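Residue numbers (numbering that gives the first Met the number 0): 0 to 269. A virtual CB, placed ideally from N, CA and C, is assigned to each residue, including glycine. All values reported here derive from a predicted model rather than from experimental measurement.
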Amino acid sequence: MSDIQHALAGRYEVDRQLGRGGMATVYLAVDRVTGRQVAVKVLLPELAVTVAADRFQREVAILSKFSHPNILPLLDSGADGSFVYFVMPYAHGDSLRALLNREPQLSVDRTLAIARDIAAGLDYMHANNVVHRDIKPENVLFDEGRAVLCDFGVARAIVASTGDSISSSGLIIGTPAYMSPEQAEGHSDLDARSDIYSFACLIYEMLAGEPPFTGRTAQVVIAKQVKERPPSLGVVRPDVPADLGAALERALAKDPKARPRSGSELVTRF
């Protein structure tokens, strides 16, 4: 903690560690300039060593210009020695993951309300040619009663600032249970339809209690994403309307061209 505090001392005062994910360790901090609480995400060491810090910071600066009620904005980024970090507002509400830990299967109405918020944020960023690449319950936060997506564009910034080094390192950007087949196969030219697939996995989990594909290892899950059909939602959750299940089945198509073109198109099909 003292090393992190030293690295951020010029601008941010670290309070405590909030958690650790697949890409970064998250700290609660106070912005010394504004006095506001922020979340500082420090890239994991094995990822930070692959990143060209200057390029990463330029990418985050571009992304920080985007603003939408259902997107948690990027505020700042920096590097100090081996530490590479980015900064977001601190959302005081729970994450969708915390909600699902308490209540694994949500009602259809609540699921659709959350999905509409996420779809609005997705459509905005996709219109600006930004793909998330890591949509999952941990990256959906609740702030003042609305669902907001966090880490939008961070994966792009990491990929853009690593070049081929991230591929040779064996690191995976994304979470297997929510990866589209094309992402699971390692394609680099992902577009909005990859996010639509991940979004459908998220909606499926809110209703079924688990994502469509699970397994004991990441490799098992990745193989299922590429080769297997998802279990019918109607079998897992019989009270879900048939049109909702059919819409999710289409969004989970292996062929990107068969999926809805936007988050709002998927949600309106419900």
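- Of the candidates 92, 79, 74, the residue whose Cα lies closest to the Cα of residue 85 is 74.
- Leaving aside the five residues that flank residue 28 on each side, the residues in its chain whose CB is nearer than 7 Å to its CB run, in chain order, 7, 11, 12, 13, 14, 37, 39.
- For residue 146, the CB contacts under 6 Å within the same chain, skipping 5 residues up- and downstream, are 113, 116, 117, 139 in chain order.
- If you draw a straight line from the Cα of residue 216 to the Cα of residue 173, it comes to about 15 Å.
- Between residue 251 and residue 72, the alpha-carbon positions lie close to 28 Å from each other.
- Here residue 109 is exposed, its C-beta having fewer than 16 other C-beta atoms within 10 Å.
- Taken through DSSP and simplified to helix, strand or coil, residue 104 comes out as coil.
- In this structure residue 207 is in contact with residue 235, their Cβ atoms being roughly 4 Å apart against a cut-off of 8 Å.
- The Cβ atoms of residue 131 and residue 194 sit closer than 8 Å to each other.
- In this structure, residue 123 lies near residue 70, with their beta-carbon atoms less than 8 Å apart.
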